[in-house]
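**Student:**
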Amino acid sequence: MTQDGTASSRAARHGVSHPGGLRVLLKLTWIELKLFLREPMTIVFTFAFPVVLMFVLGEVFGNQPGGTDERVFEGVGAMNYYAPAYIAVVTMSVGVIMLPARLTDYRSGGVLRRFRASLVPIWAVLGSQVLAALVLGVIGAVLVAAFAAVFYPVHFPDSLALLAAGFVLCSAAFAAVGTLLGAVMPSPRAAQGAGLMLFFVMLFLSGASVPMEVMSDTMKRIGDFLPLTYAVDLLQGAWSGGTWDWTAALVLAGIAVVAGVLSLRVYRWG
Amino acid sequence: MPPVITVEHLRKVYGHHVIAVDDISFEVERGEIFGLLGSNGAGKTTTVECVQGLRTPTAGKVRVLGKDPRTHAGDLRGRMGCQLQESRLPDHLKVWEALDLFASLAPGAVDWQTLIEQWGLAEKRNASFSSLSGGQRQRLFIALALVSSPEVVFLDEMTTGLDPAARRIAWDLIEKIRGRGTTVVLVTHFMDEAERLCDRVAVVDKGNLIAVDTPRGLVVRYDPLEQVVFTCELPELEWLEGVPGARSVTRRGRRVVVEGTGALLVHVAAALVERGLAPDDLRVIEPSLEDVFLKLTGHLVED
Numbered sequence: 090m091t092q093d094g095t096a097s098s099r100a101a102r103h104g105v106s107h108p109g110g111l112r113v114l115l116k117l118t119w120i121e122l123k124l125f126l127r128e129p130m131t132i133v134f135t136f137a138f139p140v141v142l143m144f145v146l147g148e149v150f151g152n153q154p155g156g157t158d159e160r161v162f163e164g165v166g167a168m169n170y171y172a173p174a175y176i177a178v179v180t181m182s183v184g185v186i187m188l189p190a191r192l193t194d195y196r197s198g199g200v201l202r203r204f205r206a207s208l209v210p211i212w213a214v215l216g217s218q219v220l221a222a223l224v225l226g227v228i229g230a231v232l233v234a235a236f237a238a239v240f241y242p243v244h245f246p247d248s249l250a251l252l253a254a255g256f257v258l259c260s261a262a263f264a265a266v267g268t269l270l271g272a273v274m275p276s277p278r279a280a281q282g283a284g285l286m287l288f289f290v291m292l293f294l295s296g297a298s299v300p301m302e303v304m305s306d307t308m309k310r311i312g313d314f315l316p317l318t319y320a321v322d323l324l325q326g327a328w329s330g331g332t333w334d335w336t337a338a339l340v341l342a343g344i345a346v347v348a349g350v351l352s353l354r355v356y357r358w359g
Numbered sequence: 245m246p247p248v249i250t251v252e253h254l255r256k257v258y259g260h261h262v263i264a265v266d267d268i269s270f271e272v273e274r275g276e277i278f279g280l281l282g283s284n285g286a287g288k289t290t291t292v293e294c295v296q297g298l299r300t301p302t303a304g305k306v307r308v309l310g311k312d313p314r315t316h317a318g319d320l321r322g323r324m325g326c327q328l329q330e331s332r333l334p335d336h337l338k339v340w341e342a343l344d345l346f347a348s349l350a351p352g353a354v355d356w357q358t359l360i361e362q363w364g365l366a367e368k369r370n371a372s373f374s375s376l377s378g379g380q381r382q383r384l385f386i387a388l389a390l391v392s393s394p395e396v397v398f399l400d401e402m403t404t405g406l407d408p409a410a411r412r413i414a415w416d417l418i419e420k421i422r423g424r425g426t427t428v429v430l431v432t433h434f435m436d437e438a439e440r441l442c443d444r445v446a447v448v449d450k451g452n453l454i455a456v457d458t459p460r461g462l463v464v465r466y467d468p469l470e471q472v473v474f475t476c477e478l479p480e481l482e483w484l485e486g487v488p489g490a491r492s493v494t495r496r497g498r499r500v501v502v503e504g505t506g507a508l509l510v511h512v513a514a515a516l517v518e519r520g521l522a523p524d525d526l527r528v529i530e531p532s533l534e535d536v537f538l539k540l541t542g543h544l545v546e547d
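These protein sequence lines are chains A and B, in that order. For the record, in the first sequence the residue sitting at position 189 is 278 according to our numbering, with numbers rising by one throughout. For the record, in the second sequence the residue sitting at position 275 is 519 according to our numbering, with numbers rising by one throughout.
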């Protein structure tokens, strides 16, 4: 290379051809997506577990409206009740199980140091996780919906647009919660433990598994504090009735903003 | 030509009491291999981490290619390559994906296919990071440090964990990197590595820089005595003390050791020939960097 060539490539390096943050973000997202898919935890909790639970619930309750009891499932068929609920569960699983384990692992293991030494911006690291989580959530949600549609006569969502909007909102809220957990938990094991506990508490107390109508008052009161309760409400409204539950939406948006801002403040390079 | 790296009165204190770096100043010239030599905990890694912009100095001035690495990190993107002592990649990340990712972070990156061959990782290209051996990980990190075709590259304990054969290969490659005009900052606690590779060595001890020179210069300055050794049956050797440059003559069993400076070997040889002696094991033992280090710091590097 001539002296001129070297000089001009150096100049270009610091000028306009500087790789955009967006390109780095997309590249990292693609890699993160592949990494998540190589992780058994993802396959189990995001893809297999929700479908298995759907199968059990479907076999027990069928999909006849009021088929088992007039008072449960808000008057819709059990599977029309559960399909949107389990889409919400998928977004929760990605948020509270996948993200915290990944983020604590990166921080404590020196992966972040490695990225930082190459000047990868922290927002790109966090952003790629969240984007990859969103894509995983979409795959998981499609699996749940497809399973319900193929094996049980669930109806088509009354409002696909509201369902999609709700899905994005749920994903954002749980991604923010997961990122915050990833920022405060000291180790991957601690993060995984906390994530699994949140997962099961929410799974059983938010109306996603046990219908609200048969829950005790205590269970319901606890459920009022769980983000998944609002996620389930929001997606069920969109699925059956095509309505938008503003209370649920606002609560989830609030969680997304507060947890998101907090985690950006708390998360530190290793 | 301005120096590639300038460090002036660098100081780094962790918490309130732990002085990792007390007061260190040095310059690294373009195209040289500059070594930071010291025992574990001497402050070498903290020093390079401040230079890389990974840590904020408590006091002092650091410039890399004329820029402050803390405030002008973006200007240094891709111009600086780092192999960190403690870092990892995601377990499931494959070798080629890591190279591809880090190449995409900087424009003007070299073709990583070449690097993968050079660093002996070709048959591991589809292996995940967690499945690599210590030496393979080390080589991958060095390749990652070079993928942006940087102007200056930092190698922190790069041969730790490599077997002797891999070390030799690594040394050859480092010399090739320098041969292309890249400045290399080498952090090491291996004397032989510093002696073999470095154009200049800075000896770091307890957070201070106690000497900077070429390996040979350090030896000449701090431990100039060399030894000429041979086997000889003659009981009386006082005549050897008159040899130019000789300081002392000692007999150790059948071996005779003449210690001194200058062209000692030639003068001893001439004196021997004059006496009709021709020992077939006459040789010179030069002081090593290790001797100098011991003299300068008062302790061995492994301590």
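For glycine and all other residues, C-beta sits at the position ideal for the given N, C-alpha and C.
1. List the residues that DSSP assigns as beta-bridge partners of B/V265.
2. For the beta strand (DSSP E) containing B/L280, name the first residue and the last one.
3. Taking only beta-carbon positions, decide if B/V512 is within less than 8 Å of chain A.
4. With distances taken from CA atoms, which of B/A303, B/R323 and B/G297 is nearest B/D312?
5. How big is the Cα-Cα spacing for B/H433 and B/A515?
6. Which two residues bound the contiguous beta strand (DSSP E) that contains B/G504?
7. Does the stretch 327–345 of chain B come within contact of the stretch 464–475 of chain B, defined as at least 3 CB pairs closer than 8 Å?
8. What in chain B is Cβ-close to A/R196, meaning under 8 Å?
9. Report the neighbours of B/L349 on chain A: residues whose CB is nearer than 8 Å to its CB, in chain order.
10. Do A/G284 and A/T318 come within 8 Å of each other at the CB atom, strictly closer than that value?
11. Quick check on DSSP: helix, strand or coil for B/T426?
12. For a test of the three-state rule: what should DSSP assign to A/C259, helix, strand or coil?
13. Start and end of the alpha helix (DSSP H) containing A/K309?
14. Just to confirm my understanding: we take A/A213, look at its own chain, exclude 5 residues before and 5 after, and list those with CB closer than 8 Å. What are they?
15. Interface residues of chain A around B/S331 at Cβ under 8 Å?
16. List, in order along the chain, the chain A residues whose C-beta lies closer than 7 Å to that of B/H336?
17. For A/K116, return the contacting residues in chain B, with the cut-off set at a CB-CB distance below 8 Å.
18. In three-state DSSP terms, what is B/T250?
19. Give me, in chain order, the residues of the same chain whose beta-carbon lies closer than 8 Å to that of A/F288; leave out the 5 immediate sequence neighbours on both sides.
20. Whose C-beta lies closer than 7 Å to the C-beta of A/L294 among residues of the same chain, with five residues either side of it excluded?
21. Pick helix, strand or coil for B/L399, following the three-state DSSP scheme.
22. Are the C-beta of B/Q296 and some C-beta of chain A separated by less than 8 Å?
23. Give the straight-line distance between the Cα atoms of A/M291 and A/R191, rounded to the nearest whole angstrom.
24. Cα separation between B/L309 and A/A345?
25. Whose C-beta lies closer than 7 Å to the C-beta of B/R255 among residues of the same chain, with five residues either side of it excluded?
26. Considering only residues of the same chain and omitting the five flanking positions on each side of B/R499, which have a CB-CB separation below 7 Å?
27. Of the residues A/V273, A/F125, A/T332 and A/F240, which one's Cα is nearest the Cα of A/F150?
28. Closer than 8 Å is the cut-off here; do at least three beta carbon pairs connect the stretch 118–138 of chain A with the stretch 347–356 of chain B?
29. From B/G457 to B/G285, what does the alpha carbon distance come to, in whole angstroms?
30. Do you know how far the Cα of B/R299 is from the Cα of B/T290?
31. Consider the Cβ of B/A317: report whether some Cβ of chain A lies at a distance smaller than 8 Å.
32. Just how far apart, CA to CA, sit A/A272 and B/V429?
33. For B/C326, which residues in chain A fall below 9 Å Cβ to Cβ?
34. Nearest to B/G542 by CA position, among B/L521, B/S283 and B/T250, is which residue?
35. Could you name the residues that DSSP lists as bridge partners for A/A279?
36. Can you find at least 3 beta carbon pairs, one from the stretch 330–337 of chain B and one from the stretch 361–380 of chain B, that sit closer than 8 Å?
**Tutor:** Answer, in terms of the structure:
1. B/K256
2. I277 to L281
3. no
4. B/G297
5. 40 Å
6. R499 to G504
7. no
8. By Cβ distance, chain B contributes nothing, its closest Cβ being about 11 Å from A/R196, past 8 Å.
9. P108, V113, S207, L208 and V209
10. no
11. coil
12. helix
13. D306 to G312
14. G110, V113, L114 and L117
15. G199, V200, R202, R203 and A206
16. L124, R127 and E128
17. L345 and S348
18. strand
19. F134, M181, S182, V185 and I186
20. M308, I311, G312 and L315
21. strand
22. yes
23. 21 Å
24. 42 Å
25. V265, D266, D267, P301, T302, A303 and G304
26. V473 and T475
27. A/F240
28. no
29. Reading the sequence as shown, one finds Asp at residue 457 of chain B and not Gly. Between B/D457 and B/G285, the C-alpha separation is close to 22 Å.
30. 8 Å
31. yes
32. 34 Å
33. R203, A206 and S207
34. B/S283
35. DSSP lists no partner for A/A279.
36. yes
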